[in-house]
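Per this note's numbering: the sequence shown = residues 29 to 595. Here is the structure we will look at.
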Amino acid sequence: MLLRFRTKDGMFRVPTQPTDDFLLPLEDLLKNHIKAPSLAEVYISNSQSARGELAAGLCGKTVTDLGFKHGDMLFVTYPADAATSSTPVNGVSAPSVAIAGISKVSEPLKVTQLPVDDFLQLQTGIIPVPKSRLCRHNDGGMCEYCSPLPPWSKIYQEEHKIKHISFTAQLKKLLDGKNADGHSTGGQGTSYVPPLDASNFTVDFQCRNGHKPYPGGICSKCVPSAITLQLQQFRMVDHVEFSDSTIVNDFIEAWRISGLQRIGYLYGTYEAYDKVPLGIKAVVQAIYEPPQTNEGDGLKLEAWEDEKHVDELASRLGIYKVGVIFTDLLDTGKGDGSVVCKRHKDSYFLSSLEVLLAANFQLANPNVSKYSKSGVYSSKFVTCVISGNAKDEIDIAAYQVSEAAEALAKADIVTGSTHPSMAFINETTDKRYVPEIFYSKRNEYNLVVKENAKPAFPVEYLLVSLTHGFPENPEPMFASKKKFPIEYRGHVGVAQEIRDIRAQVGSDVGDGAGLKDFHLLAHLQSMDVLSGEEFGLVGKFVQSGKYEDYLQVVQSPGWQTLMAILS
Numbered sequence: 029m030l031l032r033f034r035t036k037d038g039m040f041r042v043p044t045q046p047t048d049d050f051l052l053p054l055e056d057l058l059k060n061h062i063k064a065p066s067l068a069e070v071y072i073s074n075s076q077s078a079r080g081e082l083a084a085g086l087c088g089k090t091v092t093d094l095g096f097k098h099g100d101m102l103f104v105t106y107p108a109d110a111a112t113s114s115t116p117v118n119g120v121s122a123p124s125v126a127i128a129g130i131s132k133v134s135e136p137l138k139v140t141q142l143p144v145d146d147f148l149q150l151q152t153g154i155i156p157v158p159k160s161r162l163c164r165h166n167d168g169g170m171c172e173y174c175s176p177l178p179p180w181s182k183i184y185q186e187e188h189k190i191k192h193i194s195f196t197a198q199l200k201k202l203l204d205g206k207n208a209d210g211h212s213t214g215g216q217g218t219s220y221v222p223p224l225d226a227s228n229f230t231v232d233f234q235c236r237n238g239h240k241p242y243p244g245g246i247c248s249k250c251v252p253s254a255i256t257l258q259l260q261q262f263r264m265v266d267h268v269e270f271s272d273s274t275i276v277n278d279f280i281e282a283w284r285i286s287g288l289q290r291i292g293y294l295y296g297t298y299e300a301y302d303k304v305p306l307g308i309k310a311v312v313q314a315i316y317e318p319p320q321t322n323e324g325d326g327l328k329l330e331a332w333e334d335e336k337h338v339d340e341l342a343s344r345l346g347i348y349k350v351g352v353i354f355t356d357l358l359d360t361g362k363g364d365g366s367v368v369c370k371r372h373k374d375s376y377f378l379s380s381l382e383v384l385l386a387a388n389f390q391l392a393n394p395n396v397s398k399y400s401k402s403g404v405y406s407s408k409f410v411t412c413v414i415s416g417n418a419k420d421e422i423d424i425a426a427y428q429v430s431e432a433a434e435a436l437a438k439a440d441i442v443t444g445s446t447h448p449s450m451a452f453i454n455e456t457t458d459k460r461y462v463p464e465i466f467y468s469k470r471n472e473y474n475l476v477v478k479e480n481a482k483p484a485f486p487v488e489y490l491l492v493s494l495t496h497g498f499p500e501n502p503e504p505m506f507a508s509k510k511k512f513p514i515e516y517r518g519h520v521g522v523a524q525e526i527r528d529i530r531a532q533v534g535s536d537v538g539d540g541a542g543l544k545d546f547h548l549l550a551h552l553q554s555m556d557v558l559s560g561e562e563f564g565l566v567g568k569f570v571q572s573g574k575y576e577d578y579l580q581v582v583q584s585p586g587w588q589t590l591m592a593i594l595s
């Protein structure tokens, strides 16, 4: 796109991109076209009679953020030299007005966040502290020993053995010292700076800062600076809750029968978690197993043509993908159901390849946030692995990878290695620039030192661990006592057939309990018998459990057609 600038030195057309920082076309204008002392003395307006705004104040925003379109005309005023910088170019004083079409970012973005984020961001998260023996006041007073703690309190974190603070607590911490909406409380004005800014380690191939595009030229603006990796202090999700233990048992059953590893997607919701200040938990209602090739020591995901349809079904049921789960199990051979403990502090928790897999899943499922410069920040997508624990029992471990790990994977800076606990750093190429990378660690003297990460570094610097568990009083969404065959299990002799549907839902009205099975509903959708509207009725019934909602399902034309097929 082109922007037109009318100046006292003439009119100039400057090429730019919608996603470029407005600083780039301004630098082009100053360097190649006009004789202005500096950006600090240049004013931009969309009106010839108005002085407009300082150009420097518009930098840091993209061309699109400022509302510019291809061919827009902007008027530029500037002094001939520093001595006349206070006089407009036409010699007539003009009031400074806002540029029409230029909208300063003055508030959080208008994006649709998850309901749990909207809810938690309205909470203070303040942690009450009871009166102690050190207090010298009555019950209505307060002192330094009983004053409430912020949700990011290190004291509370250590006392309750919380490894990472919650994402919302981290956000509140960043907003501390500002108004609740992120505006600065110091100085003049109400400038807003988004507190969240995702890491970016990719090369800017569009950089025109006086050199050819990379690799023909290079500058500090188009390539990432040195990276120092540290353990992430917060986590996007704090806990993974499986709504019922049978969900996991049914998933593991495929390994018990075949000895081959298995992977599945977790469908559920994100909800508030009260065990951590302003915490979030992923509540898993179902595991869907996509097409895959299984081996005893690994697996391969195949093309999943029905993914969009399964996601649409989940949406009608009020759930969505919240993560992925896979097995890494090896029987000890003792005949008592015990499994080998492969993953521990002296080996690894997630291998380097699994870390990259988790990073790519998180990149594909970004977390929407109004407090981010781009409207998204990191991800709430979780990765669970079922393997042997220190007692040789089958156990679940839940993880995410850090926001920095996502950026490293996106920039193709790291790759897997033959040592599962180490991530290998790629070499710089014409398509990829790899900066200096360090990681912080404590040495033998308990001092924090920086180590060069090349050629490889421990993947633990990219990991964030989560807790997991089951509710005390399970109330699963899919509570059918009859179990419909799970999809894509032909390798263990399991298939989904008409007789299985007949056994699940019967041919009479019943009470609809058999419908509360995610695998059955996914198979019914693939048959294309029920319309989208009729599946909406099914979703309404599964969520409410009301008999009148079930009657609407069985009275629908699509259901009558299904019953005719079954009979």
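For every residue, glycine included, the Cβ atom is placed at its ideal position computed from N, Cα and C.
In the DSSP assignment, Ala282 falls within the unbroken alpha helix (DSSP H) covering Ser273 to Ser286.
In this structure, the alpha-carbon of Phe498 lies about 5 angstroms from that of Glu269.
8 angstroms or more divides the Cβ of Leu327 from the Cβ of His519. With 16 or more other Cβ atoms inside 10 Å of its own Cβ, Thr355 counts as buried. Taking the Cα positions, Ile155 is about 9 angstroms away from Ser175.
By DSSP's assignment, Ile291 forms a beta bridge with Phe354. When only Cα atoms are considered, Ser379 and Thr44 end up about 42 angstroms apart. For Thr411, the enclosing beta strand (DSSP E) has its first and last residue at Val410 to Gly416.
By a beta-carbon distance limit of 8 angstroms, Leu590 contacts Val557. Their separation comes to about 5 angstroms. Excluding its 5 nearest sequence neighbours in each direction, Asp232 has C-beta neighbours in its own chain below 6 angstroms: Cys250, listed in chain order. Burial is judged here by how many other beta carbons sit within 10 angstroms of a residue's own beta carbon; Arg263 has at least 16 and is buried. Under the 10 Å beta carbon count, Ala550 is surrounded by 16 or more other beta carbons and is classified as buried. Beyond the five residues adjoining it in sequence on each side, Ile190 comes within less than 7 angstroms, by CB distance, of Val304 in the same chain, given in chain order.
Inter-residue distance for Cys247 and Thr47 is about 19 angstroms (C-alpha atoms, whole angstroms). The DSSP assignment places 450-453 and 465-470 as complete runs of the beta strand (DSSP E) inside the region 449-475, in order along the chain (cut-off: 3 residues). Spanning the alpha carbons of Asp423 and Gly238 requires a straight line of approximately 57 angstroms. Shortest Cα-Cα distance from Lys362 to any of Glu421, Gly351 and Glu340 involves Glu421.
In terms of Cα proximity to Met555, the closest of Leu565, Glu525 and Ser584 is Glu525. Residue nearest to Met29 within the set His98, Ala226, Leu94 and Ile514 is His98 (criterion: CA-CA distance). Taking a 10 Å sphere around the C-beta of Cys412, we find 16 or more other C-beta atoms and assign the residue as buried. Taking the Cα of Phe40 as reference, the smallest distance to any Cα among Val367, Gln198, Ile308 and His61 is reached at His61. Between Ala418 and His372, the C-beta gap is smaller than 8 angstroms, which places the two residues in contact. If you draw a 10 Å sphere on the C-beta of Thr105, you find 16 or more other C-beta atoms in it, and that means buried. Ile154 sits in coil when the DSSP states are folded into three classes, being neither helix nor strand. Rounded to the nearest whole angstrom, the C-alpha separation of Thr140 and Ser343 is 16 angstroms. The distance from the Cβ of Val42 to that of Leu58 is about 10 angstroms, inconsistent with a contact at the 8 angstroms cut-off.
Counting C-beta atoms within 10 angstroms of its own C-beta, Lys309 has 16 or more neighbours from the protein chains shown and is therefore classed as buried.
The Cβ-Cβ distance between Tyr516 and Pro318 falls below 8 angstroms. The alpha helix (DSSP H) runs of length 4 or more contained entirely in the region 349-405 are, from start to end of the chain, 380-392. Beta-bridge partners assigned by DSSP to Leu257: Tyr467.
According to DSSP, Gln428 shares a beta bridge with Val492. When Cβ pairs closer than 8 angstroms are counted between the two stretches, the region 442-451 is seen to touch the region 375-393, the count reaching three or more. The residue among Lys482, Glu455 and Phe103 with its C-alpha nearest the C-alpha of Tyr467 is Lys482. One alpha carbon belongs to Glu431, the other to Ala226, and they sit about 7 angstroms apart.
With a cutoff of 8 angstroms on beta-carbon distance, Thr90 and Phe33 are scored as not near each other. Nearest in C-alpha terms to Asp539, of all of Gln261, Gly573 and Val522, is Gly573.
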